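Student: Residue numbers (my numbering), protein chains in the order written: chain A, 3 to 330; chain B, 4 to 518.
Shown next as structure tokens:
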């Protein structure tokens with residue numbers, strides 16, 4: 003789970019290893035994912051196919067990228083509800099800039115700056131002004147969504163040049179480049195959260211904020227960086243989505259914040275802070291995507307899908323609390 | 004409330020009778036065989052040092068914690084006090100140290116809580132609520148507008164409302180824990196007036212306080228607790244402040260482990276440190292190889308002082324000199340770099356990362372040292388943590404064990420280890436042995452002594468007076484945010500320090516308590 007624990011694993015006794023494996027979230031979640039895949043492969047002839055997996059992989063790219071940031075925030079004891087709106091705003095901003103003639107290499111950095119700015123506002127509100135993360139990011143969520151609608155008057159921005167669409171459609175040996183990038187980012191972020199000094203600080207901050215401050219950790223800075231990173235990742239997701247759809251859509255990503263939170267929590271992050279891994283969050287995303295896909299295959303209506311995802315999230319958190327209480 | 008029983012009181016059964024009460028937490032006895040009684044129409048003072056067991060006794064009477072053995076009788080009947088609610092039904096009213104009022108609600112609502120009179124559909128009958136609140140406060144001789152919100156009241160008036168709230172269930176026995184800690188002198192007089200009227204009506208009152216002169220002023224009899232045992236009960240007229248302090252402190256054989264330490268150059272100096280409502284004009288010096296004790300009650304500003312010295316809390320007046328140079332620390336990180344560290348008092352809330360492993364807890368202060376190019380080295384982490392665990396004899400099954408599974412003493416050793424890994428020149432230890440067992444306490448004391456002998460300057464803030472006296476070369480005493488005494492070890496006895504910390508004037512303490 004973390005650097006020190008792993009090193010002890012190598013020298014530790016066998017029963018300890020078993021307990022650790024069961025205690026990690028990733029292993030049981032992988033088992034659950036394998037089970038869903040197995041059941042669905044039997045239930046639907048269309049499920050176990052390259053085209054279905056490819057579609058699913060492309061579909062989960064934005065969620066997976068944003069979940070990286072949300073996991074960092076949850077580990078630090080905060081969360082961000084504005085991610086879905088930031089995705090929509092940055093998607094429309096980058097599309098507008100390009101349609102009005104800005105080259106891609108100029109439009110993307112400007113959009114990234116805007117996204118980072120929202121993260122900075124969130125971070126400063128939560129740390130320096132002690133605004134509750136729920137209230138702070140609910141506010142920016144509304145502001146960002148509103149701005150996206152104002153800028154586009156509610157319409158999608160289309161007419162993007164093919165050069166911008168490259169990222170969204172290009173493949174590499176049949177695997178979409180977007181998916182390759184996403185997986186690379188997850189691997190890097192997971193290792194960084196486990197092994198780098200900078201990111202390990204998130205665990206201390208989330209576990210006991212006062213103790214972290216008294217231990218010499220710059221608590222506010224750490225949290226602000228996590229907020230900016232989350233917003234930047236939402237921006238990247240927004241740009242990639244616009245590139246795939248060849249349009250900036252002001253209504254994109256509504257309700258995405260809940261999907262992302264659900265995935266991260268299912269993946270082992272705790273709303274009380276101090277726990278979670280990027281890999282776990284990713285497996286959570288895969289699990290939620292599989293459930294959605296399975297329901298589509300089984301012709302469950304999109305409205306019922308929301309109900310089911312809500313139930314899955316609530317049950318996952320309740321189970322988590324039960325297990326923790328027993329370990330006490 | 005029964006009519007004033009003066010002669011009758013002596014024949015009637017006591018309002019409250021404690022018979023051989025015992026209580027232990029996790030195998031550690033905190034109350035041993037305590038018996039005393041409170042008569043109707045009596046104010047009974049209860050005094051003792053921190054940790055003597057006053058609050059535990061109060062919690063048992065008010066049904067907050069169960070009794071291990073022994074019996075509590077109310078008006079001669081064995082009382083089953085399994086919950087605060089049952090205690091209330093038995094007529095026990097409790098005013099806890101932390102005020103429990105809701106500032107945004109009116110006085111009347113606060114007094115009656117969820118017992119407000121309601122009409123059909125559960126709508127509150129406001130007129131009746133206000134009328135009853137006024138009647139109750141009137142009975143207590145307090146006239147304040149019951150419709151105003153509690154937020155607008157002074158601490159003294161809040162305390163009166165708190166008492167009214169406690170008495171709103173027909174009470175026969177009133178328990179007060181440090182009721183004057185937030186009050187100004189005139190407010191204390193008003194409170195005492197109220198307590199005396201309640202006494203005249205036949206109520207039994209237990210009055211717990213650190214302020215011994217106030218206890219003497221208001222009580223009829225006073226019981227002294229020390230280390231969970233009752234030392235004695237005396238009538239107010241048969242005892243004095245100096246007697247009570249002597250009983251509280253006892254004749255412990257102070258184990259003096261100071262072995263001719265060499266006091267070196269000045270390391271830290273505070274000049275006129277202050278901040279509104281917290282600290283005023285605190286000046287002292289700390290030398291290498293020296294342990295300076297800071298004694299004072301909770302809320303005397305001792306912890307705030309520690310945090311200011313380490314840059315975790317701002318001061319608005321004065322300055323801090325480190326090695327003779329005026330330095331304004333920018334925060335704990337800056338302090339660590341300059342070799343000054345602060346061990347916080349509240350281990351669980353401010354010290355350890357409970358869910359994290361022993362290793363994670365230890366390496367937090369030396370993350371730079373155990374990483375290369377920003378990547379943590381698992382091997383270095385484990386090495387550093389194992390060495391620290393061995394050196395400070397932390398009893399843990401493994402360095403991967405979560406700290407919450409360790410005993411208090413071992414958690415404290417983990418904390419100490421994490422700070423000493425930074426090789427501090429100046430260590431500010433705030434209650435380093437709070438809530439740890441005797442064995443761990445010994446080891447921590449020996450470690451502090453050893454550190455001082457190798458040249459570390461130590462400021463030992465502590466609520467444990469024998470600890471301060473056993474370890475310190477000098478003793479500073481704080482009261483109400485001020486440093487009121489800087490005593491050489493030879494001048495500091497438990498009695499003088501305790502008297503000073505309880506708010507006695509220095510000259511008076513010297514004259515009254517002698518040495």
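By construction, the Cβ of each residue, glycine as well, lies at the ideal position given by its N, Cα and C atoms. On a predicted model such as this, the values are computed, not experimentally measured, just so you know.
Just the C-alpha distance for residue 526/B and residue 97/B, rounded to the nearest angstrom, thanks.
Tutor: There is no way to answer for residue 526/B, as the model of chain B reaches only from 4 to 518.
Student: With respect to the beta strand (DSSP E) encompassing residue 47/B, which residues constitute its N-terminal and C-terminal limits?
Tutor: Walking along the second chain from the start, residue 47/B turns up at place 44. Residue 47/B -> beta strand (DSSP E) spans 45 to 50.
Student: Exposed or buried, residue 205/A, counting other C-beta atoms within 10 Å across all chains shown (16 or more means buried)?
Tutor: Taking the first residue of the first chain as 1, we reach residue 205/A at position 203. So residue 205/A ends up on the buried side.
Student: Under three-state DSSP, which class holds residue 345/B?
Tutor: Translated into positions along the second chain, residue 345/B becomes position 342. Correct three-state label for residue 345/B: strand.
Student: Residue 397/B and residue 355/B: beta carbons closer than 8 Å?
Tutor: Taking the second chain and counting its residues from 1, one reaches residue 397/B at position 394. Taking the second chain and counting its residues from 1, one reaches residue 355/B at position 352. It is not a contact, given that the beta carbons lie outside the stated cut-off.
Student: Could you give the residue range of the alpha helix (DSSP H) that holds residue 86/A?
Tutor: On the first chain, position 84 is the one that residue 86/A refers to. Per DSSP, residue 86/A belongs to the alpha helix (DSSP H) from 85 to 101.
Student: Does the separation of the CB atoms of residue 86/A and residue 257/A fall below 8 Å?
Tutor: Translated into the one-based positions of the first chain, residue 86/A becomes position 84. Translated into the one-based positions of the first chain, residue 257/A becomes position 255. Yes, they are a contact pair.
Student: What separation, rounded to the nearest whole angstrom, lies between the Cα atoms of residue 455/B and residue 264/B?
Tutor: What you label residue 455/B is simply residue 452 of the second chain in a count that begins at 1. What you label residue 264/B is simply residue 261 of the second chain in a count that begins at 1. Taking the straight line from one Cα to the other gives about 7 Å.
Student: Give a yes or no on whether the C-beta atoms belonging to residue 96/A and residue 110/A are separated by under 8 Å.
Tutor: To locate residue 96/A, count along the first chain from 1; it is residue 94. To locate residue 110/A, count along the first chain from 1; it is residue 108. In contact: residue 96/A and residue 110/A (Cβ atoms closer than 8 Å).
Student: Select from the region 191 to 214 of chain A all residues with a C-beta closer than 7 Å to any C-beta belonging to chain B, and list them in chain order.
Tutor: Correct list: 197, 198, 199, 200, 202, 205, 206, 209, 210, 212 and 213.
Student: Look at the alpha carbon of residue 370/B and the alpha carbon of residue 224/B, and state the distance between them as a whole number of angstroms.
Tutor: The count along the second chain starts at 1 and reaches residue 370/B at position 367. The count along the second chain starts at 1 and reaches residue 224/B at position 221. Taking the straight line joining both Cα atoms gives about 57 Å.
Student: Kindly say whether residue 493/B, judged by its beta-carbon, lies nearer than 8 Å to any beta-carbon of chain A.
Tutor: Taking the first residue of the second chain as 1, we reach residue 493/B at position 490. No, residue 493/B lies away from the interface with chain A (no Cβ there is under 8 Å from its Cβ).
Student: Figure out for me which residue from 274/B, 308/B, 292/B and 296/B has the closest Cα to the Cα of residue 281/B.
Tutor: The residue labelled residue 281/B in the question sits at position 278 within the second chain. The candidate whose alpha carbon is nearest that of residue 281/B is 308/B.
Student: Which chain A residues sit within Cβ distance under 8 Å of residue 336/B?
Tutor: Taking the first residue of the second chain as position 1, residue 336/B is located at position 333. Residues of chain A passing the Cβ test: 218, 219 and 220.
Student: Quick one: what's got a C-beta closer than 7 Å to residue 362/B's C-beta in the same chain, skipping five residues either side?
Tutor: On the second chain, residue 362/B is found 359 positions in, with the first residue counted as 1. Closer than 7 Å at Cβ, skipping near neighbours: 384, 385, 388, 402 and 403.
Student: For residue 215/B, which option in 475/B, 424/B and 51/B has the closest C-alpha, if you only look at C-alpha atoms?
Tutor: Looking up residue 215/B in the second chain gives position 212. When each option's Cα is compared against that of residue 215/B, the closest is 51/B.
Student: So what's residue 245/A in DSSP terms, helix, strand or just coil?
Tutor: Here residue 245/A is taken as the residue at index 243 of the first chain, counted from 1. In the structure shown, residue 245/A sits in a helix (DSSP, three-state: H, G or I).
Student: Kindly identify the DSSP beta-bridge partner or partners of residue 237/B.
Tutor: Translated into positions along the second chain, residue 237/B becomes position 234. According to DSSP, which records beta bridges pairwise, residue 237/B is partnered with 225/B.
Student: For residue 66/B and residue 431/B, I'd like the C-alpha separation in whole angstroms.
Tutor: Indexing the second chain from 1 puts residue 66/B at position 63. Indexing the second chain from 1 puts residue 431/B at position 428. For residue 66/B and residue 431/B, the distance between alpha carbons rounds to 38 Å.
Student: On the DSSP letters alone, give me the boundaries of the beta strand (DSSP E) that residue 97/B sits inside.
Tutor: Working through the second chain from its first residue, we reach residue 97/B at position 94. Taken as a continuous stretch (DSSP letters only), the beta strand (DSSP E) holding residue 97/B covers 95 to 98.
Student: Report the option in 290/B, 450/B and 122/B whose CA atom is closest to the CA atom of residue 267/B.
Tutor: Taking the second chain and counting its residues from 1, the one referred to as residue 267/B is at position 264. Checking every option, the nearest Cα to that of residue 267/B belongs to 290/B.
Student: CA-CA distance, residue 24/B and residue 149/B?
Tutor: As a position in the second chain, residue 24/B is number 21, starting the count at 1. As a position in the second chain, residue 149/B is number 146, starting the count at 1. Rounded to the nearest angstrom, the two C-alpha atoms are 40 Å apart.
Student: Using a Cβ-Cβ cut-off of 8 Å, state whether residue 156/A counts as contacting chain B.
Tutor: Working through the first chain from its first residue, we reach residue 156/A at position 154. With 8 Å as the cut-off, residue 156/A does not count as an interface residue toward chain B.
Student: For residue 249/A versus residue 151/A, is the C-beta spacing smaller than 8 Å?
Tutor: In the first chain, residue 249/A corresponds to position 247, counting from 1. In the first chain, residue 151/A corresponds to position 149, counting from 1. Against a cut-off of 8 Å, the Cβ pair of residue 151/A and residue 249/A comes out as no contact.
Student: Does the beta-carbon of residue 106/A, which I'm using as the reference point, lie nearer than 7 Å to any heavy atom of the ligand PLP?
Tutor: Although the ligand PLP was asked about, the structure shown includes no ligands whatsoever.
Student: Looking at chain A, is there any beta carbon in it that lies within less than 8 Å of the beta carbon of residue 370/B?
Tutor: Locating residue 370/B in the second chain gives position 367, where the first residue counts as 1. Yes, residue 370/B lies at the interface with chain A (some Cβ there is under 8 Å from its Cβ).
Student: Tell me the DSSP secondary structure of residue 469/B in three-state form.
Tutor: Reading the second chain from its first residue, position 466 is the one you call residue 469/B. It is helical.
Student: Can you tell which of 237/B, 353/B and 338/B has the C-alpha that lies nearest to the C-alpha of residue 207/A?
Tutor: Residue numbering aside, residue 207/A sits at position 205 when the first chain is read from its first letter. Checked all of 237/B, 353/B and 338/B; the closest Cα to residue 207/A is 353/B.
Student: Rounded to whole angstroms, how far is the Cβ of residue 142/A from the Cβ of residue 126/A, which I believe are closer than 8 Å?
Tutor: As a working mapping, residue 142/A is identified with position 140 in the first chain. As a working mapping, residue 126/A is identified with position 124 in the first chain. Contact flag wrong, Cβ pair sits at about 11 Å.
Student: Roughly how many angstroms separate the alpha carbons of residue 255/B and residue 210/B, rounded to a whole number?
Tutor: As a position in the second chain, residue 255/B is number 252, starting the count at 1. As a position in the second chain, residue 210/B is number 207, starting the count at 1. Low local confidence applies: a pLDDT of 48 at residue 255/B is under 50, so the model's placement there is unreliable, and no value is given.
Student: Looking at residue 217/A: is its Cβ nearer than 8 Å to the Cβ of residue 367/B?
Tutor: If you number the first chain from 1, residue 217/A lands on position 215. If you number the second chain from 1, residue 367/B lands on position 364. Yes, Cβ-Cβ distance for residue 217/A and residue 367/B is below 8 Å.
Student: Apart from the five residues just before and just after residue 128/B, which ones in its own chain have a Cβ nearer than 7 Å to its Cβ?
Tutor: Within the second chain, the letter at position 125 stands for residue 128/B. Counting only Cβ-Cβ distances below 7 Å, and skipping sequence neighbours, we find 120, 121 and 122.
Student: Once DSSP output is grouped into helix, strand and coil, what is the label at residue 481/B?
Tutor: Reading the second chain from its first residue, position 478 is the one you call residue 481/B. Residue state, collapsed to three classes: strand.
Student: Roughly how many whole angstroms lie between the Cα atoms of residue 244/A and residue 380/B?
Tutor: Numbered from 1 along the first chain, position 242 holds the residue referred to as residue 244/A. Numbered from 1 along the second chain, position 377 holds the residue referred to as residue 380/B. Rounded to the nearest angstrom, the two C-alpha atoms are 40 Å apart.
Student: Using a Cβ-Cβ cutoff of 8 Å, what residues of the region 276 to 302 of chain A are near chain B? List them in chain order.
Tutor: The region 276 to 302 of chain A vs chain B, Cβ under 8 Å: 276 and 277.
Student: Is there a C-beta anywhere in chain A that falls below 8 Å from the one on residue 353/B?
Tutor: Residue mapping note: residue 353/B aligns to position 350 of the second chain, counting from 1. Yes - at least one Cβ of chain A is within 8 Å of the one on residue 353/B.
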